[in-house]
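The numbering used here numbers the first residue of the sequence shown as 4 and each following residue consecutively. Note that the Cβ used here is the ideal one computed from N, Cα and C, for glycine as well. For reference, the structure discussed in these notes is given below.
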Amino acid sequence: MAWLWLVLAGVLEIVWAIGLKYTDGFTRLVPSVVTIAAMMASVWFLALAVRTVPIGTGYAVWTGIGAVGVAILGMVLFNEPRSLLRILSILLIIAGIAGLKLLTPA
């Protein structure tokens with residue numbers, strides 16, 4: 004169950020990070036509320052996950068999921084660069100996340 008909480012925490016990290024773009028510096032109410040709620044929920048699910056998953060692994064996986072998701076959505080939603088090196092770098096992060104999962108007893 005801990006890994007499910009961790010994945011959910013990572014997905015919510017993507018939501019709040021992308022949400023920051025839509026808050027316009029926290030001047031828009033609805034995007035700001037959604038972003039802050041996603042922040043709080045993300046950290047809460049991370050806290051649940053690291054009851055079982057080692058903190059170093061949990062934090063690295065959480066930020067990795069967020070980094071990969073935001074990088075991909077940045078390319079899709081905000082027309083950020085789509086270079087081969089950028090995509091290969093994202094794949095390296097995914098490999099790191101998978102490696103941590105495989106090497107962590109939980």
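Residue from the options with nearest C-alpha to residue i
i, options, result
"I96", "V46, L7 and G67", "G67"
"V53", "M4, L94 and E83", "M4"
"L76", "W8, L23, L9 and L7", "L23"
"V46", "F81, T107, M78 and L15", "L15"
"D93", "K104, L32 and G72", "It should be pointed out that residue 93 corresponds to Ile in this sequence rather than to Asp. That would be G72, whose Cα lies nearest to the Cα of I93."
"L7", "T26, A74, L91 and W65", "W65"
"L106", "F81, E83 and G61", "G61"
"P108", "V56, N82, E83 and I100", "V56"
Span of the alpha helix (DSSP H), counted from its first residue to its last, around residue i
i, result
"S92", "L87 to L106"
"P84", "P84 -> no alpha helix (DSSP H), and no H or E assigned at all."
"T26", "A5 to T26"
"F48", "L32 to A52"
Buried/exposed call for residue i, threshold 16 Cβ in 10 Å
i, result
"G59", "exposed"
"G102", "exposed"
"V79", "exposed"
"A12", "buried"
"G28", "exposed"
"L9", "buried"
"L49", "buried"
"A70", "buried"
Any contact between the stretch 72-90 and the stretch 32-43? By contact I mean 3 or more CB pairs, one from each, below 8 Å.
no
- Taking contact to mean at least 3 C-beta pairs separated by less than 8 Å, is the stretch 18-29 in contact with the stretch 41-53? yes
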